[in-house]
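In the numbering used here, the protein residues as written are 498 to 847. Think of the CB as a built atom: it goes at the ideal place given N, C-alpha and C, for glycine as much as any other residue.
In structure tokens, the structure reads:
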């Protein structure tokens, strides 16, 4: 007999089809099973659109609709219990008269947090909770951070030399092999926004879009508190994806951004995050430079970091940040070590 874990694994796989278009909504997958046969599948694909459960129900062929009362639906996240951008998924599951529901993780949103499962149980459905709980909670981590801290999930990324430098001071310094761009662009494709500071823009002139990974290009966020960036054909203005500028009212590039937010020259990183989150950006990649990265680390404002260590030595330059955290994963790509790290305050669940 195939286990609950088998079908939940498939639901997790489907949930991962949801990329950065889910914005501040969680990635969720759902599978409908009748007597060992999958008859419906779905995932949440875009913010404001149908949730995974609804898409799974819609995918069931007309001839199989009559099987729903004898079927089990597997969902990575507890079905929502309230009417928001979409109707309540819990009530829709009750309406379809399912026999059983298997839930991976309870919703961290206080508006739900057990309420969906209560609706289902009160309606007489058998509810099983906690199948592949750790994996489902890992999938939900960005959403959980948003709910608990009212800020985006923050993913730091940088490449450093073997001896611990980011670059030669004041110079564009390619450190890693060009193939490692796929690591960077994968993270961009998973993020709704990408933030860089003034020095990085002035020295590197990055495009900041996603050209090699799955998913849309993130919102390109330029933090220039003092309006130091002059008018120029900057790569980020010419590349794919929307732009968001943060700076003084008389910023030279103000008319060239898709959206511009006027900020004080002394605005804190915490207040920047509040503004970004208010713009609907739930996952934020921070790609430098050194001052900006160190500011996030000093204030313990990060949830994941990817560090690429090159075999090349620079012997001098801008020192790379230092992290204390859990090593989640380490891989080697063309003699480069790629480290994935989580904060010590965040218990690993792998």
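| Query | Result |
| --- | --- |
| If you drop the 5 nearest sequence neighbours on each side, which residues of the same chain put their C-beta closer than 6 Å to that of residue 792? | 766 |
| With DSSP collapsed to three states, give me the class of residue 525. | coil |
| Could you round the C-beta distance between residue 837 and residue 826 to whole angstroms and report it? I think they count as a contact, below 8 Å. | 4 Å |
| Since I believe residue 649 is in contact with residue 781 (beta carbons under 8 Å), could you give me their beta-carbon distance rounded to a whole number of angstroms? | 4 Å |
| For residue 516, tell me which candidate among 503, 531, 541, 527 has the shortest Cα-Cα distance. | 541 |
| Suppose only complete runs of 3+ residues qualify. What are the beta strand (DSSP E) ranges in the segment 665-748, listed by chain order? | 690-694, 716-720, 740-744 |
| Decide if the segment 654-672 is in contact with the segment 625-633; the criterion is three or more beta carbon pairs, one per stretch, under 8 Å apart. | no |
| From residue 743 to residue 757, what distance separates their C-alpha atoms? | 6 Å |
| Give a yes or no on contact between the segment 562-570 and the segment 588-606, applying the rule of three or more CB pairs nearer than 8 Å. | yes |
| Roughly how far, in whole angstroms, is the beta-carbon of residue 811 from the beta-carbon of residue 662, given that I think they are within contact range, below 8 Å? | 4 Å |
| In angstroms, rounded to a whole number, what distance separates the CA positions of residue 681 and residue 550? | 32 Å |
| Determine, using beta carbons only, whether residue 557 and residue 537 come nearer to each other than 7 Å. | yes |
| Within a Cβ cutoff of 7 Å, which residues of the same chain sit near residue 846, ignoring the five residues on either side of it in sequence? | Reliability of the predicted coordinates at residue 846 is poor, the pLDDT of 44 falling under 50, and the value obtained from them is presented with this limitation in mind. Cβ within range, chain order: 631, 634, 635. |
| In three-state DSSP terms, what is residue 657? | strand |
| Looking only at its own chain, which residues have a Cβ that is under 6 Å from the Cβ of residue 524, when we skip the five neighbours before and after it? | 512, 515, 636 |
| Got a sec? Which residues, its chain only, sit under 6 Å from residue 679 by beta carbon, not counting five neighbours each side? | 709 |
| Is the CB-CB distance between residue 797 and residue 642 below 7 Å? | no |
| Per DSSP, residue 662 forms a beta bridge with which residues? | 816 |
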